[in-house]
Amino acid sequence: MAFLETFPRLFIFFLIFALSTPSHSTLCPPDGPLVPRPTTLYSSPLFAKTSSSLTSTLNSAISGNLTIPWSLPNVSFSIAVVSLSDLSPHSPLWEYHHLATNNVNGTKHVDGDSQYLIGSVSKVFTDLLLLKSGLNMDDPVTKYLPELGGESVIQWEDVTLGALGDHLSGMPGTYGFPEISFLFPIFETLGFPHLPIADFPNCGVIGLNAGCTKQQLLANLKTSRPIAAPNLRPSYSSLAFTLISYALESATGKNYSQLLHDEILSPLNMTNTGISPGNGEKAVIPSTDSSWGSDYGDNAPGGGLYSSTNDLSSLLASILSLSGSPILSRAQALACLKPQTTTSKLNTLVGRPWEIFRTQKLTPKYPHTIDLVTKGGTAIGYQSIVAVIEQYGLGIVVLTAGAQGAEAQEPLFEHVVGEVVEAVEEVARAEAVAYIGKYQNSDAARGGMEIGIDDGPGLVLKKLSRNGTDMLESIRTLFNGIGIGGVKVGNMSSSQLRIYPTDAWREVGGIREEDWRLQFDVEAPGWKSGLKGWSEREQMCTAWIAGGALYYGGEPVDRFVFSREANGGNVVGAKVPSLRLNLTISG
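Counted from 1, the sequence shown has number 338 at position 338 by full-length UniProt numbering; the numbering is strictly sequential.
Now the structure itself:
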């Protein structure tokens with residue numbers, strides 16, 4: 001009984017501890033959509049204007065009217081933008097294709113079905129296969145590849161399947177390659193010693209010996225030096241994805257080619273994607289040196305696939321689908337897009353297998369954090385990148401072929417992202433106007449609510465009342481601790497209260513009931529102390545800790561439910577469950 005009496009006080013103590021962590025007084029909005037993802041991009045006049053501008057700018061670039069850092073006659077490229085508002089996942093929202101004049105081999109017409117080598121974008125497919133396999137990500141790789149067990153320089157028993165897919169294994173990036181025999185004399189002229197052939201790897205060195213067999217590779221990896229201890233820091237490894245393919249074959253009895261076809265390509269009808277070599281007649285083949293037509297062998301899972309913008313658009317649309325897809329559930333898709341580790345740069349995170357760039361500069365009119373979840377790829381003569389911006393339900397693909405692919409890919413990608421994201425933000429905000437207005441009970445004196453929008457994140461909860469009481473002030477009072485056992489649980493921001501969509505909803509009789517949450521933004525307490533501290537600590541985001549901090553009658557005080565007609569129809573009402581208010585929008 002004593003424990004039961006003490007429990008509420010213990011809970012309040014821990015809540016105080018969590019919520020009183022110093023936080024900057026500026027807003028710290030949640031990850032994910034700040035307003036609902038736009039669904040009208042396909043028919044939006046605003047986005048049509050942006051699409052036209054993009055096309056016009058690229059026409060000027062390839063006409064020689066803009067300064068560009070690549071050789072026009074040598075670089076072909078294909079670009080596609082895909083979104084949730086597409087009529088079909090095979091129909092990009094916007095696309096652009098260019099065939100370089102010097103390209104004489106391969107296709108004579110570049111379109112969405114033209115094939116490019118995609119390099120390390122292949123890793124996305126391999127990690128998806130690992131996710132779909134249902135294997136335990138915490139299993140050591142030695143469970144599936146016992147050949148790596150026993151005495152070894154790398155402690156393979158500590159390397160998990162998840163670490164392989166997250167670039168956290170610490171293992172070398174390759175074996176043999178990038179050593180190339182014709183480069184040996186160059187090393188020597190730069191002061192490296194002349195070495196006997198026996199000192200070089202016994203497989204995988206271009207121009208010296210054949211590619212490694214599975215047996216050779218596993219044997220050689222037992223004597224290879226780690227780049228870092230497992231899970232210490234991210235270190236890029238293409239070879240890790242070869243090990244994933246070996247582990248998948250051991251677990252399923254299917255080789256990589258079979259798994260790729262059965263689990264991804266066939267369900268999504270990706271007819272222009274596969275393991276190199278592809279179809280030369282449909283290929284975009286550079287006029288300069290390239291690895292088109294190469295047999296990547298066991299290196300294919302880390303960088304040996306070819307694909308097209310249409311196929312990659314289908315893949316990204318599948319990942320973005322709010323209702324799940326033939327290859328992923330919604331929960332799986334969201335999980336696979338999350339960062340798995342960090343780098344020493346605050347804006348650079350690492351996923352499975354993503355390169356994630358976090359920025360606040362893409363929407364200068366409405367500044368907020370946006371995660372660009374990207375994966376780049378390189379093959380000789382080819383540069384590629386795919387990007388997912390889940391906050392908007394948006395995907396972008398840029399494929400290039402030519403000796404200056406990198407010089408083309410980066411400017412093209414940056415230009416498209418910059419133009420598209422600003423436009424999509426505007427469309428999303430325009431659609432969010434459907435929620436704006438006054439909501440009233442049939443008895444207006446009993447309760448009401450007003451929702452607005454400004455240049456900040458989310459929607460503004462401007463007014464909330466019940467029986468004449470200002471409930472916004474009541475919520476602040478409760479949160480700040482007055483009346484909760486005399487204990488203060490934190491300082492709620494004095495700025496406007498904002499609500500955000502949660503992606504939680506249900507259909508009831510043709511009406512979609514959407515859960516939104518009021519965010520409790522917490523201000524730094526402003527303690528006076530002679531002890532040493534550092535001001536940056538106050539910038540720590542603690543708002544994510546405060547969700548569901550207040551309940552009344554079994555309902556969270558921060559929960560709001562909007563009623564909207566199905567398929568993006570009108571918003572017709574709202575509920576405030578903790579206040580037992582059922583409201584109708586009145587304009």
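Every residue, glycine too, gets a C-beta built ideally from N, C-alpha and C.
Report buried or exposed for SER529, applying the criterion of at least 16 other Cβ atoms within 10 angstroms of its Cβ. exposed
For ASP454: DSSP bridge partner residues: Bridge partners of ASP454: none, in fact.
Just verifying my parser: in three-state terms, what is the DSSP assignment at GLY533? coil
Answer yes or no: do LEU217 and ASP298 have a C-beta to C-beta separation smaller than 9 Å? yes
In the structure shown, what three-state DSSP assignment does TRP354 receive? The answer is coil: DSSP assigns TRP354 none of H, G, I, E or B.
What does the Cβ neighbour count give for MET540, buried or exposed, with the cut at 16 atoms within 10 Å? exposed
Which of the three DSSP states is assigned to LYS345 in this structure? Coil.
Do you know how far the Cα of ASN491 is from the Cα of GLY483? Reliability of the predicted coordinates at GLY483 is poor, the pLDDT of 37 falling under 50, and the value obtained from them is presented with this limitation in mind. Whole-angstrom Cα-Cα distance: 14 Å.
Around the C-beta of GLU5, are 16 or more other C-beta atoms found within 10 angstroms, so that it is buried, or is it exposed? In this prediction, GLU5 has a pLDDT of 43, which is less than 50 and means its spatial position is unreliable; what the coordinates show is noted afterwards. Classification of GLU5: exposed, given that the 10 Å Cβ count is below 16.
TYR306 in three-state terms, based on DSSP: strand
Three-state secondary structure (DSSP) of TRP156: helix
Is ASN567 helix, strand or coil when you go by DSSP? ASN567: coil per DSSP, three-state reduction.
Given a cut-off of 9 Å on the beta-carbon distance, is the pair GLY112 and THR309 in contact? Going by beta carbons, GLY112 and THR309 fall inside the 9 Å limit.
Which listed residue (TYR246, ALA61, GLY573, GLY162) has its alpha carbon closest to that of GLU450: GLY573
Got a sec, what are the start and stop residues for the alpha helix (DSSP H) LYS282 sits in? Unbroken run through LYS282: none, as it is neither H nor E.
Own chain residues within Cβ distance below 7 Å of ALA423, not counting five before or after: Result list for ALA423: LEU46, PHE47, THR50, in chain order.
How many whole angstroms separate the CB atoms of SER294 and SER276, which I take to be in contact at a CB cut-off of 8 Å? Yes, SER294 and SER276 are in contact; Cβ-Cβ is about 6 Å, under 8 Å.
Reference THR374, options LEU183, GLY173, LEU316, HIS109, closest by Cα: LEU316
Round the Cβ separation of SER307 and ASN272 to the nearest angstrom and send it over; I've been treating them as touching at under 8 Å. Indeed they touch by this definition, with Cβ atoms about 7 Å apart.
In the DSSP assignment, the alpha helix (DSSP H) including ASN582 goes from what residue to what residue? It is not in any alpha helix (DSSP H) - ASN582 instead sits in the beta strand (DSSP E) that spans 581 to 585.
Is it buried or exposed for PHE560, if we count other Cβ within 10 angstroms and need 16 for buried? buried
Pull the bridge partners of GLU507 from the DSSP assignment, please. ARG512
Going by beta carbon distance, what residues of the same chain come within less than 8 Å of GLY207, once the five residues before and after it are set aside? The residues are ILE180, SER181, PHE182.
I'd like to check one pair, GLY170 with ALA229: are the Cβ atoms closer than 9 Å? yes
Collapsed DSSP secondary structure at ILE385 in the structure displayed: If DSSP states are grouped into helix, strand and coil, ILE385 belongs with the strands.
Using 10 angstroms around the beta-carbon of GLU473, count the other beta-carbons present and answer buried if the total reaches 16, otherwise exposed. exposed
ASN103 and VAL398 look like a contact to me (Cβ under 8 Å); what is the Cβ gap, rounded to whole Å? The Cβ separation is near 17 Å, so there is no contact.
What number of angstroms, rounded off, separates the C-alpha of SER384 from the C-alpha of SER114? 14 Å
Consult DSSP for GLU390 and reduce its assignment to one of helix, strand or coil. helix
Which class does MET471 belong to by DSSP, given the choice of helix, strand or coil? helix
If you run the structure through DSSP and keep just helix, strand and coil, what is PRO577? helix
State the Cα-Cα distance for the pair GLY452 and LEU461, rounded to the nearest angstrom. 7 Å
For a quick check, are the C-beta atoms of LEU260 and LEU129 less than 9 Å apart? Their beta carbons are under 9 Å apart, which means LEU260 touches LEU129 by this criterion.
Inspect the beta-carbon positions of LEU164 and ALA251 and report whether they are closer than 9 Å. no
Which residue spans inside the region 43 to 70 form an unbroken alpha helix (DSSP H) run of at least 4? 45 to 62
Between the CA atoms of LEU337 and ILE264 - distance to the nearest angstrom: 17 Å
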